[in-house]
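Quick note: the sequence shown uses my numbering, first residue 129, plus one each step.
Even glycine gets a Cβ: it sits at the ideal position worked out from N, Cα and C.
All figures in this text were calculated on a predicted structure; none of them were measured in a lab.
Read the structure below first, then the notes.
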Amino acid sequence: MKIFKLFNNISWLLSVTLCLALGVAVLFAFSGEAAAKQKKLTGVHANTSAMPTSCRACHRGMAIAVSGEEDSCLTCHGSVYARDQMIRRGHLKPVGSAPLLDIENELKKPYNHPVLAVKGVHRKIEALPEEVVNAARHSECVDCHDPHVVEKERPFRGIKGKRVGNFIGEVSEEYELCYLCHSESANLPANSTDKHLEFKTTNPSYHPVEGEGKNTFVISLKKPYVGQKQKPNQVSQISCRDCHGSDDLDGPKGPHGSNYPGLLVLNYQMDDGYSESEQNYALCYKCHERSSILANESFPYHALHVQGQVGGQGGTSCFTCHDAHGSPQYPHLIKFNTDVVFENLDGKLEYDAAGYSARHGSCMLNCHDVDHGSQGATSTSGTSTTTAPFGVEGVY
Ligand code: HEC
Ligand code: HEC
Ligand code: HEC
Ligand code: HEC
Ligand code: HEC
Ligand code: HEC
Ligand code: HEC
């Protein structure tokens, strides 16, 4: 008994000494002593049966003060080869049923977050949303995951974000994380837009990410999706992740990379002139019944536009009329793609909705040489079936 206790004490002492030694090493390595003293591991990376060397699994060798680049993560979250090296060196023990998934492979896909491509831009202390107009854009693993506290099912635990009223708090919703770089950032690329301005609940319409949607009766919605939640099993709010993420259903979750343009989970044909199919608009048909859209249950001319005409110019993409995020201008997510939609003969490019229950509104615009809603509109393409629904009065 006594010997056993003594042994216990010795091993306790030993581990305390080890911890102290490591602590000193870490203190030494980072001049921010206070930070190091406070730095405790919690969450997945604190599990010493999976990560026996604790801090040293990431802070080791020349890189003891790691920079925040992906290298210190891809050792375990990258290729099988790299992972085997970590296992051989005793930094990782295979525990649990499933092996770690390969994030590096996702990041190498054609549409990705530029984790691999951008080097040396992230700083431990940086202001996000970015305040400097010409600052280089970046996204590192540690911008989205805090390795010291990250938990399973809480992948961005510990990340601080900007809340309403400039209050800085911990990110709890996924969109708050995304807004760190896709909302007010002073350095948004020219072809990119402020996502909060698209999703905010004061817009006439928006996909229900920040809050429930405006339209209580969206006829095409598939179960369990509804406009307004009334029963526990209904879903009235969606997330960025419902549309953005890996194209591989069995791959790692998260917006690391995809083979589909827009870093989307499913295919979405955004150009006009293609025939309608389940695959071409797979993203929308994930939640909206294809048969409802094609049966014109809401917009009486959905099928005509989406399918195009037999022997005609092919179909019009949902993207030509709808914005997948929201519309600061119109109901029903109407935002015209101005690459193909222009002003009509009267110089107008407008959508007039007639209210949710009316199921009719009107368009004043010109699309593929077809004039809608101008005084005495005629089709310059000469296809009478295309002009008929809009005709002179332009009402559908
Ligand atoms: C899973 C990998 C990982 C583990 C395990 C880990 N760290 Fe870190 N640590 C990092 C990364 C990456 C950074 C850089 C963060 C950045 O640049 O934003 C960092 C930064 C730090 C910093 C600098 C200040 C800060 O908050 O960014 C301190 C101090 C620190 N770690 C201490 C520790 C200690 C002590 C342990 C063990 C108890 C530990 N770390 C375990 C990855 C890890
Ligand atoms: C020594 C190996 C190792 C290193 C290095 C490492 N991780 Fe991990 N990571 C793990 C293990 C083990 C888990 C838990 C996986 C599980 O339980 O399925 C994990 C889990 C995670 C998760 C949560 C996954 C989930 O299931 O929700 C994230 C996010 C993550 N790590 C990010 C990082 C980041 C960022 C870095 C680099 C700063 C990093 N990891 C470095 C081993 C490592
Ligand atoms: C730390 C900054 C940062 C955060 C946080 C961030 N992103 Fe990004 N994202 C970028 C950068 C940088 C790009 C490259 C293009 C650019 O500069 O906007 C990008 C690109 C994208 C793209 C376009 C990819 C393509 O190939 O077309 C999508 C979609 C995207 N991000 C979605 C998200 C979502 C969803 C979230 C939240 C889960 C998120 N982002 C969080 C920095 C970030
Ligand atoms: C209903 C599906 C859907 C949801 C939900 C969604 N997106 Fe998108 N997103 C798209 C589609 C489709 C595109 C490509 C077409 C486009 O650019 O509008 C896109 C493009 C993007 C882009 C690249 C274009 C740009 O402006 O930089 C970013 C960034 C982005 N989304 C961020 C987000 C963020 C952040 C969220 C959550 C707050 C989100 N998305 C939610 C469907 C969605
Ligand atoms: C993850 C599920 C999901 C996906 C994917 C999705 N939607 Fe939706 N959509 C919804 C929900 C939920 C609503 C109900 C919002 C409301 O009540 O206003 C909705 C509503 C709409 C509305 C009606 C908005 C209004 O105010 O009348 C349109 C238009 C729409 N979606 C188009 C699209 C298009 C186009 C795509 C593909 C790019 C798409 N949706 C993909 C879930 C989804
Ligand atoms: C732009 C933000 C962003 C960046 C950059 C990013 N991640 Fe993620 N990651 C996410 C989000 C969001 C999720 C959770 C998605 C979900 O739960 O649907 C996630 C999930 C994960 C998971 C859990 C996967 C699973 O299937 O459970 C791991 C592990 C992970 N990330 C590691 C990394 C590593 C390692 C890096 C850098 C090489 C990285 N991430 C870069 C946003 C990001
Ligand atoms: C030519 C323009 C146009 C195209 C192309 C178009 N829509 Fe619409 N859509 C509309 C208009 C206008 C409404 C509003 C109808 C009303 O007044 O209620 C609408 C309404 C909707 C709604 C809300 C009501 C409902 O049916 O649930 C959804 C969802 C929708 N569209 C999805 C799609 C999808 C998915 C595609 C592509 C496959 C598509 N739309 C293509 C113009 C278009």
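Can you tell me which of the three DSSP states residue i falls into?
{"i": "residue 470", "result": "strand"}
{"i": "residue 233", "result": "helix"}
{"i": "residue 214", "result": "helix"}
{"i": "residue 416", "result": "strand"}
{"i": "residue 499", "result": "strand"}
{"i": "residue 156", "result": "With a pLDDT of only 42 at residue 156, under the threshold of 50, the placement of this residue in the model should not be trusted, and no figure is reported."}
{"i": "residue 323", "result": "helix"}
{"i": "residue 403", "result": "coil"}
{"i": "residue 199", "result": "helix"}
{"i": "residue 490", "result": "strand"}
{"i": "residue 363", "result": "strand"}
{"i": "residue 339", "result": "coil"}
{"i": "residue 479", "result": "strand"}
{"i": "residue 297", "result": "strand"}
{"i": "residue 372", "result": "strand"}
{"i": "residue 279", "result": "strand"}
Using only the heavy atoms of ligand 3, determine whether one of them is closer than 8 Å to the beta carbon of residue i.
{"i": "residue 369", "result": "yes"}
{"i": "residue 260", "result": "no"}
{"i": "residue 380", "result": "no"}
Quick test of your reading: residue i and residue j, contact by CB under 8 Å. State the CB separation rounded to the nearest angstrom.
{"i": "residue 443", "j": "residue 417", "result": "Going by Cβ atoms, the distance from residue 443 to residue 417 rounds to 18 Å, so no, they are not a contact pair."}
{"i": "residue 399", "j": "residue 386", "result": "With a Cβ gap of about 18 Å, residue 399 and residue 386 do not count as contacting."}
{"i": "residue 257", "j": "residue 313", "result": "4 Å"}
{"i": "residue 183", "j": "residue 200", "result": "Going by Cβ atoms, the distance from residue 183 to residue 200 rounds to 11 Å, so no, they are not a contact pair."}
{"i": "residue 363", "j": "residue 355", "result": "Actually they are not in contact, since the Cβ atoms of residue 363 and residue 355 sit about 11 Å apart, beyond 8 Å."}
{"i": "residue 323", "j": "residue 307", "result": "6 Å"}
{"i": "residue 396", "j": "residue 406", "result": "So it is not a contact: roughly 12 Å between Cβ atoms."}
{"i": "residue 472", "j": "residue 500", "result": "6 Å"}
Measure the C-alpha to C-alpha separation of residue i and residue j and round it to an integer number of angstroms.
{"i": "residue 449", "j": "residue 465", "result": "6 Å"}
{"i": "residue 474", "j": "residue 330", "result": "30 Å"}
{"i": "residue 455", "j": "residue 461", "result": "5 Å"}
{"i": "residue 351", "j": "residue 366", "result": "13 Å"}
{"i": "residue 178", "j": "residue 206", "result": "16 Å"}
{"i": "residue 202", "j": "residue 271", "result": "15 Å"}
{"i": "residue 433", "j": "residue 369", "result": "29 Å"}
{"i": "residue 297", "j": "residue 249", "result": "24 Å"}
{"i": "residue 155", "j": "residue 218", "result": "Caution applies to residue 155, whose pLDDT of 42 falls short of 50 and renders its modelled position unreliable; the value that the coordinates give is listed next. Those two C-alpha atoms are separated by around 23 Å."}
{"i": "residue 420", "j": "residue 348", "result": "5 Å"}
{"i": "residue 262", "j": "residue 316", "result": "9 Å"}
{"i": "residue 214", "j": "residue 285", "result": "25 Å"}
{"i": "residue 282", "j": "residue 216", "result": "29 Å"}
{"i": "residue 459", "j": "residue 379", "result": "36 Å"}
{"i": "residue 342", "j": "residue 497", "result": "33 Å"}
Is residue i near ligand 1 - that is, is its Cβ less than 8 Å away from at least one heavy atom of it?
{"i": "residue 169", "result": "yes"}
{"i": "residue 193", "result": "yes"}
Mind checking whether the beta-carbon of residue i lies closer than 8 Å to any heavy atom of ligand 6?
{"i": "residue 464", "result": "no"}
{"i": "residue 296", "result": "no"}
Does the Cβ of residue i lie closer than 8 Å to at least one heavy atom of ligand 7?
{"i": "residue 349", "result": "yes"}
{"i": "residue 393", "result": "no"}
{"i": "residue 272", "result": "no"}
{"i": "residue 173", "result": "no"}
{"i": "residue 455", "result": "no"}
Any heavy atom of ligand 2 closer than 8 Å to the CB of residue i?
{"i": "residue 200", "result": "yes"}
{"i": "residue 492", "result": "no"}
{"i": "residue 91", "result": "Residue 91 lies beyond the residue range present for the chain, which begins at 129 and ends at 524; the question has no answer from this structure."}
{"i": "residue 446", "result": "no"}
Tell me whether residue i counts as near ligand 5, meaning its Cβ is closer than 8 Å to at least one heavy atom of that ligand.
{"i": "residue 327", "result": "no"}
{"i": "residue 397", "result": "no"}
{"i": "residue 407", "result": "no"}
Quick one: is the Cβ of residue i within less than 8 Å of any heavy atom of ligand 4?
{"i": "residue 256", "result": "no"}
{"i": "residue 264", "result": "no"}
Check your understanding: What are the complete alpha helix (DSSP H) segments, minimum 4 residues, inside the region 422 to 471?
Key -> Qualifying alpha helix (DSSP H) stretches, in chain order: 430 to 435 and 446 to 449.
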